[in-house]
Structures are given as structure tokens and as C-alpha cells.
Amino acid sequence: MDQAARQITLAFCLRHPRVMILALVMGCLVYVSFPKVKLNSISASSSQSSRYPRPKIYSTTEQDLGMQKIDWMYKLMQYGYQKHNFSPEERLEGTALMRMIEWPKPPNLTVPIQKSSDPSHSRFVILNFRKTFYVGDQLQVMLRMYDFEGNPKQYGGDYFQARIHTPELKAGSVGTVVDNQNGFYYINFTLSWPGKVQVSVSLVHPSEAIQVLGRLCKERPDRVNFKSAFRLGTTSDTTTCNLYLSPTKPLCNFTDIRTGEPWFCYKPEKLPCSSRITHAKGVYVKDLLNGDEAFYFKRGSNIKKPILPNVIDYITVKPSPHAVGVSQECVRGKAMPSPSGYYYKDQWMPLTCNIHRFNTPANIERCLHRKKVYLFGDSTIRQWFEYLTNFLPGLKKLDLGNFEKIGPHLAVDTVNNIIVEYRAHGPPIRFNALSSQDLRYISNELDGIKGGKDTVIGITLWSHFSTFPVEVYIRRLQNIRRSISQLLGRNPDTVVVMKTANVQAHPGEVSLYNSDWFSYQHDVVMRKMFTGINVAFVDAWEMTLAHYLPHELHPHTIIVKNQIDVFLSCVCPTGNK
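Numbering (our numbering), first residue to last: 7 to 583.
Structure follows, in C-alpha cells:
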């Protein structure tokens with residue numbers, strides 16, 4: 007280490023008298039201790055429940071849940087779920103999930119701007135960076151947050167994204183963050199490839215901003231509104247719609263009869279509710295922030311802002327002397343660890359199973375021969391439909407007269423007897439001019455599928471729920487899971503694959519409506535709710551976060567291609583069979 011780096015490291019140690027740092031400086035071991043944190047006890051876990059914030063241990067008895075159960079049910083009752091029949095298990099589950107994703111809060115409701123988290127003052131340090139690392143080892147990074155006055159933060163709750171990567175190898179993997187809730191964070195990585203491995207950490211939102219996002223979900227679920235057109239003969243009208251509307255004037259109740267999922271529109275003055283013809287997104291409400299809150303959402307300052315290393319941001323990893331790799335097939339019903347995989351030479355390598363590369367149309371055609379594929383969800387799973395129809399010359403998209411970016415869509419390969427269908431999930435869905443007859447809930451669609459070994463189902467839903475309280479999302483998933491369980495009960499050979507959420511860019515005010523923090527909450531909930539169910543997962547979250555390309559709501563083709571490889575490996579675990 008050169009003299010400048012030595013001075014920086016020593017200054018860092020002296021400035022942080024309560025921090026433990028192990029650093030080799032010109033042959034001397036510098037050790038400064040701090041209480042309460044045991045480094046040896048912090049390690050990457052194969053359990054999804056280890057993701058940060060660390061879930062609370064919760065009771066599963068109604069007596070212990072107390073008022074928590076009332077809170078969970080009360081929120082849904084406010085949103086039109088009065089006629090839902092919640093089983094005792096569902097009631098307990100909802101409360102447990104809400105406690106699991108509870109986020110650490112600042113000690114005070116209002117924090118002066120200068121006392122909020124400042125990524126430019128904060129630094130991370132690689133622990134034991136002089137150690138000899140091998141493929142398969144764990145790497146630990148320590149992060150200390152400071153405010154804009156340069157003082158150390160004394161509480162946690164900041165939301166970070168972290169990855170390790172080797173650009174020349176197009177390799178990357180994500181890290182697991184542990185919040186010690188005192189300004190210190192630890193990030194754990196699994197080293198999966200040899201070479202020079204760099205560490206990158208970004209502050210997505212300071213803890214103070216997350217409190218604002220939480221408030222918006224509770225107080226302003228209408229910050230994106232919806233509208234429906236009504237028409238009867240030559241008379242037409244358009245009114246506002248949403249999951250909840252203030253009953254200041256007559257309402258049309260479009261609550262789904264089978265699932266009980268609520269949806270309302272203001273009744274047109276001169277038309278009946280039965281004359282509704284379209285559903286569409288409305289406007290994004292502005293002026294949502296109070297006082298100084300806008301400061302917490304400044305691009306280039308504290309939204310997805312990189313955290314710099316204290317001294318060095320890389321290590322050198324050597325090949326493992328032991329065999330490393332997996333040989334198991336990708337099967338349904340297995341828990342998804344974190345990290346679930348890594349990129350190497352732009353190919354996703356799961357850590358739990360050996361996926362196949364479907365690099366030619368013939369590979370995919372053999373896998374999907376005589377199969378019907380249903381893709382339900384938002385536009386990120388519509389990308390799968392678009393990929394398949396663009397890549398397979400024999401898979402012809404039928405012109406149903408629907409908008410390209412909305413659907414529903416149907417494609418057929420008459421030679422290989424392949425049918426692929428895409429359909430958007432029911433409201434809330436932020437599309438333009440979707441026919442009201444096409445507003446179908448995934449649960450109802452699943453109930454109408456016979457299933458069997460030649461039936462493949464892909465499901466995702468997350469982004470369009472980001473403006474609503476998480477309770478709404480939990481209830482939607484409970485309905486979908488019930489229908490999946492019934493379908494698998496009728497035909498256990500049916501292949502069901504859940505695609506997780508993915509990270510995205512945060513330009514302008516996007517984070518107020520579609521923040522990665524909202525998506526992360528939904529993603530954690532979905533993974534937990536479908537653990538133990540005989541479904542497979544495509545980890546789009548890690549596959550977008552670990553990649554070198556910029557974050558986008560709709561990932562680039564190379565990422566979608568890797569998602570398709572995982573998806574088809576679950577459909578055909580032995581290859582092109």
C-alpha cells in the first residue's frame with residue numbers, strides 16, 4: 007500500500023474510534039474495537055428471510071398478535087374488502103408479513119436536512135481485503151453512514167443496493183445488507199468467480215426519504231388515479247376510478263364477484279354502470295411532498311447515489327482448490343437463496359441448479375412442443391411474450407386488434423403445436439385504453455385452466471401495486487396462491503413459474519410512485535408467500551441488479567434472454583426434452 011493510502015486508512019481508523027477495522031498497513035495490523043457487533047456472526051445466508059431489514063421473529067397465535075391483527079384487517083376494510091372471507095391462517099399470515107417487512111424508523115418524525123443521510127460523506131471498507139480469497143468464500147463490507155454535517159448517523163433505515171462485479175468478464179452478483187440500526191451496515195457477498203472483483207454500493211434512499219414513501223402509501227394511494235370511459239349509443243362520458251373513492255357522489259361498484267377484489271368508478275351522470283367500455287391510467291398527482299421533503303428526493307444527491315470506498319474497492323479472488331458448481335436440475339418447490347446466482351460472461355449462473363442455454367429456435371421449439379404457455383401479469387412478463395415471438399420464426403402472433411403494449415396477445419406455432427398467450431393482470435393496472443372486458447383477475451384465469459404436463463404458466467405482478475398499501479398486494483397474492491394450489495391439486499404436473507420484481511431507473515419523480523423500495527417490499531412478500539408451494543422462481547430482481555447495464559423498468563434483451571433460459575429450464579429441467 008502506498009503512503010497516501012496508508013494515511014487515508016489510518017485517518018479513517020482514528021476518525022472512527024468505535025469501529026472495528028482489520029487492515030494491513032505497511033506490515034502493521036491496526037485493530038480498533040467497537041462493541042455489540044460480532045463480525046464472525048455476520049455471514050451470507052441461504053435463506054430469503056435473511057435479507058435486510060432483518061425480519062422480526064413473530065408469533066403465530068391470535069392471542070399474541072393482539073392489535074396487530076386489527077391493523078391488518080382494518081386497512082383492508084378501508085379499501086372495500088368488507089365482504090372478503092379471510093381464513094384464520096390468512097389473517098395470521100397478513101399480520102406476520104406486515105411485521106416481517108416493518109422498516110426501521112428515524113427516532114424523530116422530522117429530521118433536519120443537515121442531519122439526514124449523506125452518501126458523499128459516507129464510505130465503505132472491505133474487511134480483510136489483504137486476505138487471500140478463493141471462489142466460494144464470503145466477502146464482508148462494512149459501511150458507516152454520515153449526515154450532511156459530516157457527523158456519524160446513530161440510527162439505520164437507509165436502503166442500499168450492492169453488487170460485486172468484474173467488467174472485463176461481464177460478471178456480477180448482488181450482496182445481502184444487514185442493518186445494525188445504529189448507522190453501521192454490513193454487506194455480505196458470495197465470491198463465485200476468480201479474478202479482480204470490484205465492490206459497488208449505492209444509496210437508493212436515505213432513511214428519512216423512506217418515511218416519506220411510507221406516508222404516501224398510507225395517505226395518498228390515489229397519487230396515480232385511473233379512469234373509465236362509458237358509452238351507450240351516442241352518449242359517452244369518462245369518470246375517475248380507483249380501489250377506493252370518496253363517496254361524495256354515486257359510485258359504480260365493479261368489485262369482482264368471484265375473488266372479492268374491489269374496484270370503483272364514479273357513476274356517469276347520464277349513463278348506467280353497465281355501459282363501461284374501457285379502463286386506463288389517469289394522471290400522476292403532483293405536489294405530494296411537504297416542507298423540506300423534496301430534499302430527500304434529489305437526483306445526483308441522495309437517489310441511487312454511489313457510496314465511495316474508503317481506500318480500495320476491489321479484491322483478487324483465486325480459483326477454488328475444491329470443486330465448485332451445481333449439477334442438480336431446476337425443479338419446482340425449492341426455496342430461492344440469496345444470492346440466487348451470478349453473471350459470468352453475460353450468462354446467468356444459478357447457485358441451486360444447472361440451467362440450460364436455449365440459444366436456438368430449435369432448442370425452444372423442442373422444449374415447448376405441444377405446450378400451451380400462459381403469461382399473466384404486467385409489461386415485464388409481456389417482454390417474455392415479445393422475446394419468444396421475435397426469436398421463434400414459427401411462432402406467429404395473431405392480430406387480435408389489441409394495442410401492442412397492452413394486449414391481450416396470442417401466438418401460435420402450428421407445426422410444433424405451441425400456443426403462447428399473454429394477458430395483463432386485473433386492476434390496478436396502469437395501461438392505456440384497455441377494454442373493460444379484458445380486465446380479468448389472474449385468480450379467475452387460473453380457475454379456468456385445466457392444467458397438466460403440457461400446461462406452463464408464468465406470473466408476475468408488482469409494479470402497479472406500488473402506490474397502494476402493501477396489505478392490498480398481500481390479499482391479491484393470497485387469492486392467486488389459492489387458485490394455484492387448486493390448479494396443482496387438479497393437475498400436479500402443471501408448471502407454474504413466478505417471476506419476481508426487478509429494479510428500475512428513478513428519473514424525475516418516479517420514486518414517489520414506483521420506487522425500488524416499494525418493489526423490494528413486494529418482492530420480499532411474494533417470495534415468502536410462495537415458499538413451500540410447488541412453483542419455480544425466476545429471480546428477475548437479482549438478474550437486473552447484478553447486471554452491468556443501467557437499471558430500466560423494462561430490462562434489456564440480454565437480461566430477458568437469461569430470464570427465459572431460467573424459465574425454460576424449469577419447464578424442461580433435463581434440457582430440450
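Glycine included, C-beta positions come from ideal geometry on N, C-alpha and C.
Determine, using beta carbons only, whether residue i and residue j come nearer to each other than 8 angstroms.
| i | j | result |
| --- | --- | --- |
| Pro-274 | Thr-254 | no |
| Arg-169 | Gly-181 | yes |
| Lys-403 | Pro-200 | no |
| Trp-109 | Ile-216 | yes |
| Tyr-161 | Pro-113 | yes |
| Asn-585 | Lys-287 | Past the edges of the chain, shown from 7 to 583, lies residue 585, and the structure says nothing about it. |
| Phe-232 | Cys-247 | yes |
| Tyr-393 | Lys-567 | yes |
| Thr-240 | Lys-276 | no |
| Ile-486 | Ile-539 | no |
| Val-502 | Ile-463 | yes |
| Ile-361 | Val-572 | yes |
| Trp-390 | Leu-398 | no |
Going by other Cβ atoms of all chains shown within 10 Å of its Cβ, with 16 needed for buried, is residue i buried or exposed?
| i | result |
| --- | --- |
| Val-531 | buried |
| Leu-555 | exposed |
| Phe-409 | exposed |
| Gly-100 | buried |
| Thr-386 | buried |
| Leu-149 | buried |
| Thr-550 | buried |
| Pro-212 | buried |
| Arg-264 | exposed |
| Ser-280 | exposed |
| Ala-552 | buried |
| Leu-493 | buried |
| Tyr-272 | buried |
| His-562 | exposed |
| Ser-406 | Correcting the residue type first, residue 406 is Leu in the shown sequence and not Ser. Burial call: exposed. |
| Pro-513 | exposed |
| Arg-496 | exposed |
| Val-337 | exposed |
| Tyr-302 | buried |
For my contact list, residue i and residue j are in at a C-beta cut-off of 8 angstroms; report their separation, rounded to the angstrom.
| i | j | result |
| --- | --- | --- |
| Val-509 | Gln-167 | 7 angstroms |
| Leu-357 | Val-332 | 7 angstroms |
| Leu-219 | Trp-523 | 6 angstroms |
| Pro-579 | Glu-335 | 4 angstroms |
DSSP state of residue i, grouped into three classes?
| i | result |
| --- | --- |
| Val-501 | strand |
| Met-148 | strand |
| Leu-249 | coil |
| Arg-129 | strand |
| Cys-258 | strand |
| Thr-101 | helix |
| Trp-354 | strand |
| His-431 | coil |
| Pro-158 | strand |
| Leu-481 | Before going further, note that residue 481 is Arg rather than Leu in the sequence given. Helix. |
| Tyr-519 | helix |
| Asn-231 | strand |
| Tyr-87 | coil |
| Gln-510 | coil |
| Tyr-380 | strand |
| Tyr-447 | coil |
| His-285 | strand |
| Val-572 | helix |
| Gly-413 | coil |
| Ala-300 | helix |
| Val-566 | helix |
| Asn-360 | coil |
| Gly-454 | coil |
| Lys-292 | coil |
In chain order, what residues of the same chain lie with their CB nearer than 6 angstroms to the CB of residue i, ignoring the 5 residues before and after it?
| i | result |
| --- | --- |
| Tyr-348 | Ser-179, Ser-198 and Met-355 |
| Glu-95 | none |
| Leu-559 | Gln-510 |
| His-375 | Asn-422 |
| Asn-450 | Arg-264 |
| Leu-206 | First, the amino acid is wrong: residue 206 is Ser here, not Leu. Taken in chain order, the residues that qualify are Arg-169. |
| Pro-312 | Ser-208 |
Does residue i get closer than 8 angstroms to chain B when you measure Cβ to Cβ?
| i | result |
| --- | --- |
| Asn-114 | Judged by its chain identifiers, the structure shown contains no chain B, having just a single protein chain. |
Leaving out five residues on either side along the sequence, give the residues of the same chain with a beta carbon under 7 angstroms from the beta carbon of residue i.
| i | result |
| --- | --- |
| Tyr-152 | Asp-124, His-127, Ser-128, Pro-158 and Lys-159 |
| Asp-352 | Lys-176 and Ile-564 |
| Ile-480 | Gly-100, Leu-103 and Val-531 |
| Leu-416 | Leu-404, Leu-406 and Glu-427 |
Leaving out the 5 sequence neighbours to the left and right, which residues in its chain are closer than 8 angstroms to residue i when beta-carbon positions are compared?
| i | result |
| --- | --- |
| Arg-229 | Leu-222, Tyr-290, Val-291, Leu-294, Thr-473, Leu-518 and Tyr-519 |
| Lys-224 | Pro-475 |
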